[in-house]
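Worksheet: the structure to be examined is printed underneath.
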Amino acid sequence: MDRFRLTRRTLLATTLATPVLAQEGDTLAKARAAGVLVVGNGGAFPPFEFMENGRLTGYDVDLGEELGRRMGLRIQWQVIAFAGLIAGLTSGRVDCLITAMAWTPERAERIAFSTPYYKTGIAAGYRPGLAIDRPEDLAGRIVGVQVGTSGEQFVRQHHASRVREIRVYNEFPLALQDLVVGRVEAVVNTQPVLRWNIARNTRVRLGVSPVWDARDVGINTRHPDVALMAEINRHLAAMQADGFLPGLDQKWFGQAG
80 MDRFRLTRRT
90 LLATTLATPV
100 LAQEGDTLAK
110 ARAAGVLVVG
120 NGGAFPPFEF
130 MENGRLTGYD
140 VDLGEELGRR
150 MGLRIQWQVI
160 AFAGLIAGLT
170 SGRVDCLITA
180 MAWTPERAER
190 IAFSTPYYKT
200 GIAAGYRPGL
210 AIDRPEDLAG
220 RIVGVQVGTS
230 GEQFVRQHHA
240 SRVREIRVYN
250 EFPLALQDLV
260 VGRVEAVVNT
270 QPVLRWNIAR
280 NTRVRLGVSP
290 VWDARDVGIN
300 TRHPDVALMA
310 EINRHLAAMQ
320 ADGFLPGLDQ
330 KWFGQAG
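Numbering of the sequence shown is given in the working numbering, commencing with residue 80 and proceeding in unit increments.
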């Protein structure tokens, strides 16, 4: 009797668990059935993503729309504050993230990363009169970072005891604005984004350091969504081979300064 009950209990648990696992891993099939891929994006990280005349635009938006075209799906964008993007993906609010997410070991435990579509690295933008060429040059400085970013992680893990103060911003443009007006002495983020934005600043002559820590940027899915990730990687490889990704880099970063 006990063996029979155990067998029934095991079968019941397996039966209940199977649909859940299938549901977690069939995002690609559901997207194809609906004709829509729901994509999370931070919306405030120019030039990867930003609002212009009320519309979301930028490198990642171009990439997402092209991915949707090649997959035969309409892209439905959902703008989520950067600090909530991973939770938005893991909770099922969106199907994937295309939002300049740099790989870190901690993030990779929670979400999957595609093959890199952009190579970047941690660096600092800094005020006139300073020379911040190495991370050690942050010592004694007021440093701005964007919450949840690899730049914030880099400063906190390696230089928190050296800097005078770490100021945290919800969005990158707010940190850059305080750098321009002098409320912070340096902002740590990814170098291409710093260069692009600083090149467009006409108020003060800001500097940009060399890359301190190379990072890869990828598209993100939930770990069980193996089929969706394989499809994304297939199209990213084709985009690199046919020149779409190099062209996108030239479009958005060719005049970065």
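Glycine included, each C-beta is placed from N, C-alpha and C at the ideal position.
Residue(s) in a DSSP beta bridge with residue i
i	result
Arg294	Thr199
Exposure of residue i, with buried meaning 16 or more beta-carbon neighbours within 10 Å
i	result
Ala317	exposed
Ser193	buried
Gln236	exposed
Glu185	exposed
Thr269	buried
Asp229	One point to set straight first is that residue 229 is Ser, not Asp, in the sequence displayed. Burial call: buried.
Ala112	exposed
Ala202	buried
Met308	buried
Pro271	buried
Start-to-end residues for the alpha helix (DSSP H) that takes in residue i
i	result
Thr169	Leu164 to Thr169
Val259	Phe251 to Val260
Gly119	Counting along the chain, Gly119 falls outside any alpha helix (DSSP H), though it belongs to the beta strand (DSSP E) covering Val115 to Asn120.
Phe323	Phe323 to Phe332
Selection from the options that minimises the alpha carbon distance to residue i
i	options	result
Gly114	Ala123, Arg153 and Gln225	Arg153
Glu215	His314, Val272 and Val267	Val267
Thr199	Met308, Asp292 and Pro303	Asp292
Ile245	Val259, Gly230 and Gly223	Gly223
Pro126	Arg294, Ala278, Ile201 and Thr169	Ala278
Arg284	His302, Ala265, Gly297 and Val117	Ala265
Ala191	Ala202, Tyr248 and Ile177	Ile177
Val173	Asn312, Ala306 and Arg301	Arg301
Leu164	Leu315, Arg148 and Arg189	Arg189
Residue i - containing beta strand (DSSP E), residue span
i	result
Asn276	Taken as a continuous stretch (DSSP letters only), Asn276 belongs to no beta strand (DSSP E), being part of the alpha helix (DSSP H) at Gln270 to Ala278.
Arg148	First-last for Arg148: Tyr138 to Met150, but that is the alpha helix (DSSP H), not the beta strand (DSSP E).
Val263	Note, Val263: premise wrong, no beta strand (DSSP E); not H, not E.
Phe129	Phe129 to Glu131
8 Å Cβ cutoff, residue i in contact with chain B
i	result
Ile201	You won't find chain B in this structure, because it holds only one protein chain.
message = Using 8 Å as the cut-off, can you tell me whether the segment 197–209 makes contact with the segment 144–161, which would need three or more C-beta pairs spanning the two stretches below that distance?
response = no
inquiry  = Contact between the segment 318–326 and the segment 238–252 is defined here as three or more beta-carbon pairs at a separation below 8 Å; is this criterion met?
reply    = no
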